[in-house]
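Just so you know, we're using our numbering here: the sequence shown kicks off at 2 and counts up by one. For every residue, glycine included, the Cβ atom is placed at its ideal position computed from N, Cα and C. Small disclaimer: the values here were computed from a predicted structure and weren't measured. Below: one structure, written as structure tokens.
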Amino acid sequence: MSTYKRSAGKGWLIALVIVGALFFAPEILSGLGFAVGSVIEFTISLLIGFAIVGLVFFVVMTVFGSVLLGLGAGFLALIFTGIGMFWPLIICLLILYFVFRDRRKTV
């Protein structure tokens with residue numbers, strides 16, 4: 002008899018979840034689409050950034066013939082690509098740093 006009471010309680014819960022999913026389906030699907038779209042956008046930006054870094058490395062290697070110079074140029078391109086992708090986050094972090102830093106320390 003205890004098994005019947007547990008399944009009856011779960012039946013109401015399942016019905017409530019189904020009704021909620023039908024009622025909030027557009028919001029659930031739009032949130033899922035936003036998440037998937039953000040991941041795809043970030044992945045494509047990352048691949049383009051790495052392609053630019055590889056192209057810079059290849060061009061510097063073929064023109065100047067130095068591996069060290071090519072690595073330096075590739076690293077510089079990687080830094081500039083990272084700044085270009087994450088500049089809003091960098092600005093927000095800088096603003097938070099300047100607002101909440103402790104100015105009393107004079108080291």
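Burial state of Val54, where buried means 16 or more other Cβ atoms lie within 10 Å: buried
If you reduce the DSSP assignment to three classes, tell me which class Phe65 lands in. helix
For Phe99, the three-state DSSP class (helix, strand or coil): helix
With distances taken between CB atoms, is the gap from Val61 to Gly50 smaller than 8 Å? no
Count the other CB atoms within 10 Å of the CB of Gly75; is the residue buried (16 or more) or exposed (fewer)? buried
Drop a sphere of 10 angstroms on the beta-carbon of Val40, count the other beta-carbons inside from all chains shown, and report buried for 16 or more, exposed for fewer. exposed
Buried versus exposed, by CB contacts within 10 Å (16 or more), Val20: exposed
With a cut-off of 8 Å, does the C-beta of Phe81 fall near any C-beta of chain C? The structure shown contains no chain C; it is built from a single protein chain.
Rounded to the nearest angstrom, what separates Gly83 and Ile91 at their Cα positions? 10 Å
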